[in-house]
Amino acid sequence: MTDTDPVARAAALLKEHRESIDRLDAILVYTLGERFKHTQAVGKLKAEHDLPPSDPTREATQIARLEDLAVRADLDPDFAKKFLNFIIAEVIRHHQQHQS
């Protein structure tokens with residue numbers, strides 16, 4: 140097969156896209172790991188100072204901020220909101236564990 144073979148060209152492009160996806164997945168995982176290190180520290184601080192594990196005002200601000208970022212990044216803002224809500228729920232669960 141040569142570079143002019145459409146099937147070979149498609150296979151090469153597919154491989155390139157998948158390699159990029161794999162790199163981005165790694166970035167996402169390491170970024171989430173770093174984010175959760177910080178939220179764990181916040182949870183400990185909240186527990187030490189008897190602060191509630193949830194901060195609805197902060198959460199609403201963050202969701203609005205992420206929706207705006209999503210629009211600018213050409214990402215579905217509803218997906219971004221669902222994603223952040225999932226992360227926030229996990230963070231609150233961790234914070235509640237520090238409270239116990």
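With my numbering applied, the sequence shown corresponds to residues 140 to 239, in that order. Think of the CB as a built atom: it goes at the ideal place given N, C-alpha and C, for glycine as much as any other residue. Quantities reported herein were computed from a predicted structural model and do not represent experimental measurements.
(1) Comparing alpha-carbon positions, which option in V181, F175, R211 and P191 lies nearest F225?
(2) So is V230 buried or exposed if we call it buried at 16+ other beta carbons inside 10 Å?
(3) For P191 and R204, what's the separation of their Cα atoms in angstroms?
(4) By Cβ distance below 6 Å, which residues in the same chain neighbour P195 in space, the five residues on each side in sequence not counted?
(5) Exposed or buried, what is D172 when buried is set at 16 or more other beta-carbons lying within 10 Å of its beta-carbon?
(6) Alpha carbon to alpha carbon, how far is D215 from I202? Give it in angstroms, no decimals.
(7) Compare the beta carbon distance of A180 and Q238 with 8 Å and say whether it is the shorter of the two.
Let's see:
(1) F175
(2) Per the 10 Å Cβ criterion, buried.
(3) 22 Å
(4) none
(5) Asp is not the amino acid found at residue 172; the sequence shown has Gly there. G172 comes out exposed.
(6) Near 13 Å, if we compare the C-alpha coordinates of D215 and I202.
(7) no
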